[in-house]
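Enquirer: So the sequence shown is numbered by the UniProt record's numbering: it starts at 1 and just counts up by one. Glycine included, C-beta positions come from ideal geometry on N, C-alpha and C.
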Amino acid sequence: MDVLATVLNYTWLKYAVLPLWILLMILLLHRDLSRWDGLMGPLSHLGLGENGTASYLSVPSSELVAYDEDSDEMRPASIILIFRNEQLVVLLRTLHSLVDRTPKHLYAELILVDDHSDTDFWDEPLSVTFFDTYKPVGLIKARILACNEAKADNLVFVDAQVEVTKGWLSPLLSTISEQSLTLATPVLDKLDEQTLAYHRSIERRGVYDWMAAVRTSVFAIRALWFQDLSNFDKELQGFGGAELELSFKVWRSGGRIVQVPCSRVGHLEPKDLSYLKRYGDLGKMGQQVSRLLLLLLLMASGSICYYLYTLKLERQRDGNVSSTTSRLEREISDLQAVFESEVIPELGALGRPARGNWTNEELEAIANSQRERARVPAGKAPVGQCGDNVSQRGGQRAAANAEQPEESDAHSAAQGIILVDDGSSQVDEKLNDFLQIKFLNMVKHHRISTQARVFGANRALADVLVFLDAHVEVTHGWLEPLLAPILKDNRTCTTPIIDTIDYENFAYRRGKPSRGFFNWQFDYIQLPLLKEEANPIMNGGLFAIGRQWFADLGGYDKGLKIWGGDQFELSLKLWLCGGQILEVPCSRIGHLYRSANFQIRYTDKDKASERKLIQRNYRRVAEVWLDEFKDKVYANMPHLTVIPTGNLAEQRELRKRLHCKSFKWFLTNLASDFLNLYPVIDPAEYATGVLQSLSTTKLCLERTEVASARPKLGFCSSDRVFPKLEQHWTLTNRRELQSGLVCLEVRNQGEDVYTYHCHRQKGNQFWSFDPKTRQVISGQMKDSRVCLEVQSDGKGVTTGDCDPKNTKQQWKFGYQNNHRLQHFWDNVKTH
Numbered sequence: 001m002d003v004l005a006t007v008l009n010y011t012w013l014k015y016a017v018l019p020l021w022i023l024l025m026i027l028l029l030h031r032d033l034s035r036w037d038g039l040m041g042p043l044s045h046l047g048l049g050e051n052g053t054a055s056y057l058s059v060p061s062s063e064l065v066a067y068d069e070d071s072d073e074m075r076p077a078s079i080i081l082i083f084r085n086e087q088l089v090v091l092l093r094t095l096h097s098l099v100d101r102t103p104k105h106l107y108a109e110l111i112l113v114d115d116h117s118d119t120d121f122w123d124e125p126l127s128v129t130f131f132d133t134y135k136p137v138g139l140i141k142a143r144i145l146a147c148n149e150a151k152a153d154n155l156v157f158v159d160a161q162v163e164v165t166k167g168w169l170s171p172l173l174s175t176i177s178e179q180s181l182t183l184a185t186p187v188l189d190k191l192d193e194q195t196l197a198y199h200r201s202i203e204r205r206g207v208y209d210w211m212a213a214v215r216t217s218v219f220a221i222r223a224l225w226f227q228d229l230s231n232f233d234k235e236l237q238g239f240g241g242a243e244l245e246l247s248f249k250v251w252r253s254g255g256r257i258v259q260v261p262c263s264r265v266g267h268l269e270p271k272d273l274s275y276l277k278r279y280g281d282l283g284k285m286g287q288q289v290s291r292l293l294l295l296l297l298l299m300a301s302g303s304i305c306y307y308l309y310t311l312k313l314e315r316q317r318d319g320n321v322s323s324t325t326s327r328l329e330r331e332i333s334d335l336q337a338v339f340e341s342e343v344i345p346e347l348g349a350l351g352r353p354a355r356g357n358w359t360n361e362e363l364e365a366i367a368n369s370q371r372e373r374a375r376v377p378a379g380k381a382p383v384g385q386c387g388d389n390v391s392q393r394g395g396q397r398a399a400a401n402a403e404q405p406e407e408s409d410a411h412s413a414a415q416g417i418i419l420v421d422d423g424s425s426q427v428d429e430k431l432n433d434f435l436q437i438k439f440l441n442m443v444k445h446h447r448i449s450t451q452a453r454v455f456g457a458n459r460a461l462a463d464v465l466v467f468l469d470a471h472v473e474v475t476h477g478w479l480e481p482l483l484a485p486i487l488k489d490n491r492t493c494t495t496p497i498i499d500t501i502d503y504e505n506f507a508y509r510r511g512k513p514s515r516g517f518f519n520w521q522f523d524y525i526q527l528p529l530l531k532e533e534a535n536p537i538m539n540g541g542l543f544a545i546g547r548q549w550f551a552d553l554g555g556y557d558k559g560l561k562i563w564g565g566d567q568f569e570l571s572l573k574l575w576l577c578g579g580q581i582l583e584v585p586c587s588r589i590g591h592l593y594r595s596a597n598f599q600i601r602y603t604d605k606d607k608a609s610e611r612k613l614i615q616r617n618y619r620r621v622a623e624v625w626l627d628e629f630k631d632k633v634y635a636n637m638p639h640l641t642v643i644p645t646g647n648l649a650e651q652r653e654l655r656k657r658l659h660c661k662s663f664k665w666f667l668t669n670l671a672s673d674f675l676n677l678y679p680v681i682d683p684a685e686y687a688t689g690v691l692q693s694l695s696t697t698k699l700c701l702e703r704t705e706v707a708s709a710r711p712k713l714g715f716c717s718s719d720r721v722f723p724k725l726e727q728h729w730t731l732t733n734r735r736e737l738q739s740g741l742v743c744l745e746v747r748n749q750g751e752d753v754y755t756y757h758c759h760r761q762k763g764n765q766f767w768s769f770d771p772k773t774r775q776v777i778s779g780q781m782k783d784s785r786v787c788l789e790v791q792s793d794g795k796g797v798t799t800g801d802c803d804p805k806n807t808k809q810q811w812k813f814g815y816q817n818n819h820r821l822q823h824f825w826d827n828v829k830t831h
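(1) How many angstroms separate the CA atom of G254 from the CA atom of S177?
(2) Quick check on DSSP: helix, strand or coil for K558?
(3) Consult DSSP for V642 and reduce its assignment to one of helix, strand or coil.
(4) Measuring alpha carbon to alpha carbon, tell me which of V474, K488, A470, D631 ends up nearest I498.
(5) Locate the beta strand (DSSP E) running through I681, then write down its first and last residues.
(6) Can you tell me which of the three DSSP states L468 falls into?
(7) Report yes or no: do the stretch 152 to 163 and the stretch 88 to 104 share at least 3 C-beta pairs separated by less than 8 Å?
(8) Since H819 is in the beta strand (DSSP E), which residue starts that stretch and which ends it?
(9) Quick one: give me the first and last residue of the alpha helix (DSSP H) that Y618 is part of.
(10) Residues bridged to R264 by DSSP?
(11) Determine the direct distance from the alpha carbon of Q727 to that of residue 861, and round the result to whole angstroms.
(12) Please report how far the alpha carbon of V828 lies from the alpha carbon of R657, in whole angstroms.
(13) Taking 9 Å as the CB-CB limit, is F467 close to chain C?
(14) Does the pairing of the stretch 645 to 654 with the stretch 620 to 628 give three or more beta-carbon distances under 8 Å?
(15) Suppose you measure from the CA of G559 to the CA of F467; what does that come to, to the nearest Å?
(16) Under DSSP, the beta strand (DSSP E) around R657 begins and ends at which residues?
(17) Contact check, W478 vs R588 under 8 Å by CB: the rounded distance?
(18) Below 8 Å on the Cβ atoms is my guess for L464 versus A544; work out the distance and round it to an integer in Å.
(19) Which residues mark the beginning and the end of the beta strand (DSSP E) in which A108 is found?
(20) Can the beta-carbon of V187 be found closer than 9 Å to that of V265?
(21) With DSSP as the reference, identify every bridge partner of R256, one or two as the case may be.
(22) Checking 9 Å against the spacing of the C-beta atoms, do L229 and V258 come in under that value?
(23) Cutting at 8 Å between CB atoms, please list the residues of its own chain near T830, excluding the five before and the five after it.
(24) Excluding the 5 residues flanking Q816 on each side, which residues of the same chain have their C-beta closer than 6 Å to its C-beta?
(25) State the beta-bridge partners of S718 as determined by DSSP.
(26) Once you ignore the five residues that flank W482 on each side, which residues in its own chain have a CB closer than 7 Å to its CB?
(27) Can you tell me whether R611 is buried or exposed? The criterion is at least 16 other CB atoms within 10 Å of its CB, across all chains shown.
(28) Take the Cβ of T668 as the centre, count every other Cβ of all protein chains shown within 10 Å, and call the residue buried at 16 or more, exposed below.
(29) In the DSSP assignment, find the unbroken beta strand (DSSP E) run with Y634 in it and report its ends.
(30) If I follow the unbroken beta strand (DSSP E) through A77, where does it start and stop?
(31) Would you call the CB atoms of Y754 and R785 closer than 9 Å?
(32) Bridge partners for C493 per DSSP, in chain order?
(33) Counting along the chain, where does the beta strand (DSSP E) carrying A220 start and finish?
(34) Below 8 Å, can you find three or more Cβ-Cβ pairs linking the stretch 535 to 542 to the stretch 767 to 780?
(35) Alpha helix (DSSP H) containing N676: first to last residue?
(36) If contacts are defined as beta-carbon pairs under 8 Å, then R84 and D115 qualify, I think. What distance do you get, rounded to the angstrom?
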């Protein structure tokens with residue numbers, strides 16, 4: 001009850017999500033339960049994709065795996081088929097396909113059970129084990145009777161309206177032989193109701209090999225384990241609910257349900273469902289399914305309550321909905337792995353989340369399905385050439401990266417790999433030996449100190465250039481999806497979804513889609529995602545582009561040095577000069593992000609000189625592409641105005657020659673929400689300067705150098721209005737308490753205070769100041785506000801229930817705009 005009370009404290013949950021969801025479920029459960037269209041279809045496709053997200057895959061080819069049908073470990077099965085008043089032509093087709101297309105050593109017997117049909121089907125004895133129930137008992141009980149008579153170690157249940165394909169049984173038996181606590185089911189294709197023609201199943205989004213619920217039309221299971229599960233529930237009538245009941249038992253008993261892509265069976269599903277009445281009273285069956293679905297609803301509700309309680313959602317809101325901060329998204333990503341491991345211990349082969357390590361065999365299965373979807377007309381497929389830029393990086397990681405593109409994709413997709421050494425002071429001898437042995441004819445090894453990517457592009461021969469960082473790991477099937485959009489529009493630049501490689505152990509972790517941009521300090525930022533795949537500003541490290549289009553754009557600005565600003569310059573050119581940038585969800589590449597302690601030098605110059613070169617890059621981008629908006633950049637970065645840009649004539653002539661659009665067009669069409677988050681003219685701030693404690697007047701709030709850390713109290717600067725940067729706080733027009741690039745936020749239900757990157761979503765970063773009580777208050781809604789106060793040890797800050805008499809909650813800004821503060825709550829929802 002404590003957990004439930006905690007969850008219901010979230011207003012948005014109590015008044016919106018859970019009641020609506022429960023109401024919807026109740027309506028669905030009581031809505032014409034006698035109709036079964038589409039009920040079991042969706043249930044057979046619940047769960048995650050092979051990388052943790054729904055992906056664009058087609059059902060893999062049956063030629064993916066060669067199964068040894070003569071293996072001693074593959075024990076024969078008892079095939080069980082139940083029918084009642086079935087059309088003779090359908091039943092005979094099922095039997096003929098079973099007998100003709102199943103090797104005899106793979107099944108010990110074929111058990112045919114007549115659930116007391118109204119007419120006799122057979123005039124002469126059959127060469128199969130035949131039973132007649134002598135009275136209608138329903139599909140479920142008929143299957144239980146057949147189980148009791150079966151003699152083989154494996155059981156295979158088959159509907160009477162199917163047609164099996166050649167090689168259908170061995171993949172199922174092999175799967176349950178490898179792991180005995182497995183229920184294996186084939187891919188179900190369709191048989192036309194009118195012509196009995198065989199049709200391959202419709203391509204689906206998010207096809208995967210493990211399933212939360214099974215369709216019991218065709219499945220294989222070990223006899224002993226099925227007996228341990230007590231077969232089907234003997235109290236179930238007819239046929240309804242068996243799928244859910246069996247699925248619950250399998251997963252909750254430590255087993256798994258696996259769809260085997262190499263096994264394919266055609267299934268006849270008549271549109272007129274009146275034939276189901278042969279198996280019993282549909283009303284009773286509807287009640288069975290209703291009870292099971294209600295059980296599922298209760299289990300899901302409990303899981304969600306536990307899930308939300310564990311997350312410790314913030315109580316702060318921005319008005320209508322609870323904010324979802326970047327920190328919360330990170331917690332959800334981390335907790336999802338724990339949640340999955342608790343509910344479903346083993347996800348199966350291709351169902352393993354992307355944060356685990358994939359084997360080459362598992363990724364090859366994914367690759368085949370993705371290649372099928374990404375297939376382009378013969379003779380028209382663009383050929384890519386991969387370029388890696390190496391500069392002072394470990395030879396082992398560079399070698400692994402060079403090896404992967406060749407191993408991961410068809411030779412026809414990649415024409416060559418160009419490895420560019422960007423002026424390393426020394427090159428690992430092992431890397432040289434590796435390249436000479438493994439890629440003697442494939443890799444061209446160059447050495448140059450500047451404009452390394454342009455250097456590599458000028459030496460590429462393929463139609464498409466694919467640029468990669470040296471610290472990445474590509475997955476199988478990564479390249480074809482990047483090339484396909486370029487074939488349709490040669491002015492398209494494509495980027496993959498970038499996953500993360502753990503810096504400590506190289507573990508592969510799932511990333512999220514991106515919608516990149518930059519703020520007025522030229523920091524790369526993420527804007528809220530839209531439905532479209534268009535990406536305003538790409539990350540810049542991994543992308544594919546047509547070689548001719550890259551040349552028409554002039555490649556990178558030749559005046560850019562080292563790095564910094566290059567992705568902004570190229571992204572702006574692409575969009576403004578007639579191209580586009582698309583993020584391709586089917587292509588995933590892992591990226592190794594360096595530790596904050598890792599230091600790398602790009603030149604022989606000191607850090608200050610390198611910093612000036614990067615700032616020079618930013619100014620070149622601003623002068624050529626930002627038009628009148630460059631003034632906003634210079635207002636925020638005035639030091640750029642004294643840095644010489646060099647000659648810009650070539651870049652300005654390029655923009656004129658290509659008839660490029662304005663930066664205002666870019667904002668209007670690609671990032672209309674940007675100016676709301678980062679306005680050109682900032683409204684006056686509410687307060688600024690130091691945030692001084694009135695309980696200990698010599699102490700002021702101070703942020704630490706680490707972005708995500710707890711602020712501390714330090715001795716106040718002598719200048720209270722323009723103090724040192726660590727003590728300079730601003731109560732912004734967005735009602736945030738900001739210092740530099742970070743904002744103050746409250747976590748763990750109002751107990752802990754941290755600094756974190758400003759997420760612009762209010763919520764736990766919403767702050768106000770009461771000039772009368774001198775309190776700094778966290779929270780927009782009146783019923784959830786807490787006040788900033790000095791910790792008992794006097795070294796840091798925390799929050800507590802607001803008390804105007806508590807001197808530890810009293811603060812003073814270096815400057816406060818009293819007129820603005822009088823209108824602080826105008827048009828702000830507080831209830």
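Expert: Here's the rundown:
(1) Within the sequence shown, numbered from 1, the residue matching residue 254 stands at position 254. Within the sequence shown, numbered from 1, the residue matching residue 177 stands at position 177. The alpha-carbon atoms of G254 and S177 are separated by roughly 16 Å.
(2) Here residue 558 refers to the residue found at position 558 when the sequence shown is read from its first residue. Note: K558 maps to coil in three-state DSSP.
(3) Here residue 642 corresponds to residue number 642 of the sequence shown, with the count starting at 1. Three-state result, V642: helix.
(4) Along the sequence shown, one-based indexing puts residue 498 at 498. Among V474, K488, A470, D631, the Cα nearest to that of I498 belongs to V474.
(5) Indexing the sequence shown from 1 puts residue 681 at position 681. Counting along the chain, I681 sits inside no beta strand (DSSP E), nor does DSSP assign it H or E at all.
(6) For the purposes of this step, residue 468 is taken as the residue at position 468 of the sequence shown. When secondary structure is reduced to three states using DSSP, L468 falls in the strand class.
(7) At 8 Å Cβ cutoff, the stretches touch.
(8) The residue labelled residue 819 in the question sits at position 819 within the sequence shown. Run containing H819: none in the beta strand (DSSP E); it sits in the alpha helix (DSSP H), 818 to 822.
(9) Translated into the one-based positions of the sequence shown, residue 618 becomes position 618. Element bounds for Y618: 607 to 625.
(10) Taking the first residue of the sequence shown as 1, we reach residue 264 at position 264. Paired residues: V187.
(11) This structure does not reach residue 861, given that the chain is present from 1 up to 831, and the question cannot be answered.
(12) Here residue 828 refers to the residue found at position 828 when the sequence shown is read from its first residue. Here residue 657 refers to the residue found at position 657 when the sequence shown is read from its first residue. The alpha-carbon of V828 is positioned some 49 Å away from that of R657.
(13) No chain C is present in this structure, which holds just one protein chain.
(14) As far as the Cβ criterion goes, the stretch 645 to 654 touches the stretch 620 to 628, which means the pair count is three or higher.
(15) As a first step, residue 559 must be located in the sequence shown, where it is residue number 559. As a first step, residue 467 must be located in the sequence shown, where it is residue number 467. Going from the Cα of G559 to the Cα of F467 covers about 20 Å.
(16) The count along the sequence shown starts at 1 and reaches residue 657 at position 657. DSSP places R657 outside any beta strand (DSSP E); the residue lies instead in the alpha helix (DSSP H), whose first and last residues are 649 to 657.
(17) For the purposes of this step, residue 478 is taken as residue 478 along the sequence shown, with counting starting at 1. For the purposes of this step, residue 588 is taken as residue 588 along the sequence shown, with counting starting at 1. R588 and W478 do touch by the CB rule: their CB atoms are close to 6 Å apart, below 8 Å.
(18) Numbered from its first residue, the sequence shown carries residue 464 at position 464. Numbered from its first residue, the sequence shown carries residue 544 at position 544. Checking the displayed sequence, the identity of residue 464 turns out to be Val instead of Leu. The C-beta distance from V464 to A544 rounds to 6 Å, short enough to fall under 8 Å.
(19) If you number the sequence shown from 1, residue 108 lands on position 108. For A108, the enclosing beta strand (DSSP E) stretches over residues 107 to 114.
(20) The residue given as residue 187 occupies position 187 in the sequence shown. The residue given as residue 265 occupies position 265 in the sequence shown. Contact: yes.
(21) Residue numbering aside, residue 256 sits at position 256 when the sequence shown is read from its first letter. R256 pairs with T182.
(22) Here residue 229 is taken as the residue at index 229 of the sequence shown, counted from 1. Here residue 258 is taken as the residue at index 258 of the sequence shown, counted from 1. Remark: C-beta atoms of L229 and V258 do not approach each other more closely than 9 Å.
(23) Residue mapping note: residue 830 aligns to position 830 of the sequence shown, counting from 1. Q780, M781, K782, listed in sequence order.
(24) Here residue 816 refers to the residue found at position 816 when the sequence shown is read from its first residue. The answer, listed in chain order, is A687.
(25) Stepping through the sequence shown from its first residue, residue 718 is reached at position 718. Per the DSSP secondary-structure output, S718 pairs with nothing in a beta bridge.
(26) Counted from its first residue, the sequence shown places residue 482 at position 482. Note on residue identity: the sequence assigns Leu, not Trp, to residue 482. Around L482: V466, T494, P496, A544, V584, S587.
(27) For this step, residue 611 is matched to residue 611 along the sequence shown. Classification for R611: exposed.
(28) Taking the first residue of the sequence shown as position 1, residue 668 is located at position 668. Exposed, because fewer than 16 other Cβ atoms sit within 10 Å of the Cβ of T668.
(29) The sequence position of residue 634 within the sequence shown is 634, counting from 1. For Y634, there is no enclosing beta strand (DSSP E); the enclosing alpha helix (DSSP H) covers residues 630 to 636.
(30) Here the question's residue 77 lines up with position 77 in the sequence shown. A77 -> beta strand (DSSP E) spans 77 to 83.
(31) Looking up residue 754 in the sequence shown gives position 754. Looking up residue 785 in the sequence shown gives position 785. No, these two residues do not count as a Cβ contact at 9 Å.
(32) Your numbering for residue 493 matches position 493 in the sequence shown. Looking at the DSSP assignment, C493 forms a beta bridge with I545, I581.
(33) Start at 1 with the first residue of the sequence shown, and residue 220 comes out as number 220. Membership of A220 in the beta strand (DSSP E) is indicated by the continuous run 218 to 222.
(34) Taking 8 Å as the limit for Cβ pairs, the verdict is that the stretch 767 to 780 does not touch the stretch 535 to 542.
(35) On the sequence shown, position 676 is the one that residue 676 refers to. Its alpha helix (DSSP H) spans residues 674 to 677.
(36) Residue 84 sits at position 84 when you count from the first residue of the sequence shown. Residue 115 sits at position 115 when you count from the first residue of the sequence shown. Between R84 and D115, the beta carbon gap of about 4 Å places them in contact (Cβ cut-off 8 Å).
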